[in-house]
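Letter by letter, the sequence shown follows residues 3 to 102 in this note's numbering.
Quick reminder that beta carbons are idealized off the backbone N, C-alpha and C, glycines included.
Predicted model, so just to flag it, every value in this text is computed and none were measured.
What follows is a single structure, written as structure tokens, with notes after it.
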Amino acid sequence: MSPTGHMARVMTKYRPRNVILTVTNDPRVARQCHLYRGLVPVLLPNSDCVLLDQQEQFYYAFNFGKCHGIISSGDIILLVKEPSVCHQHYTHAIQKFFVI
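Written out as structure tokens, the structure reads:
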């Protein structure tokens with residue numbers, strides 16, 4: 003989850019074999035993500051308002067990945083949360099999920 007896309011672009015530097023879904027509400031950031039190998043931007047449906055609940059953003063990206071065949075049963079998902087623009091002094095968070 004990346005409002006600016008910075009962390010997703012940093013992650014592509016190491017050329018992971020897996021796809022990186024980048025959840026953003028900014029159409030400009032989503033367009034820029036297309037320039038990087040392995041990044042798939044997930045633009046939130048209503049870009050004028052930010053979904054405050056990060057869990058809703060995760061479920062939206064998860065459903066996007068399931069519908070497009072990116073995520074399947076038995077996969078491991080790493081969720082990397084970038085701090086919002088107004089909270090730059092916070093650190094990034096990483097969570098691990100198993101798809102059933």
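Between the CA atoms of residue j and residue i - distance to the nearest angstrom
i: A32; j: A10; result: 11 Å
i: T6; j: D28; result: 8 Å
i: D77; j: Y61; result: 15 Å
Classification of residue i by the beta-carbon crowding that lies within 10 angstroms, buried from 16 upward
i: P47; result: exposed
i: V101; result: exposed
i: G67; result: buried
i: Q57; result: exposed
Cβ neighbours of residue i in the same chain (closer than 7 Å, five flanking residues each side left out)
i: T14; result: I22, Y38, R39, G40, L41
i: L80; result: I96, K98
i: H143; result: This structure cannot settle anything about residue 143, because the visible part of the chain is limited to 3 through 102.
i: Y16; result: none
DSSP bridge partner residues for residue i (one or two, in chain order)
i: L23; result: V42
i: K98; result: L80
Sequence-distant residues of the same chain with beta carbon closer than 6 Å to residue i, five excluded per side
i: A63; result: L23, V25, V44
Under the three-state DSSP convention, the category residue i falls into
i: H70; result: coil
i: R11; result: helix
i: P5; result: coil
i: P29; result: helix
i: Y16; result: coil
Sequence-distant residues of the same chain with beta carbon closer than 8 Å to residue i, five excluded per side
i: I73; result: F64, G67, I79, V101
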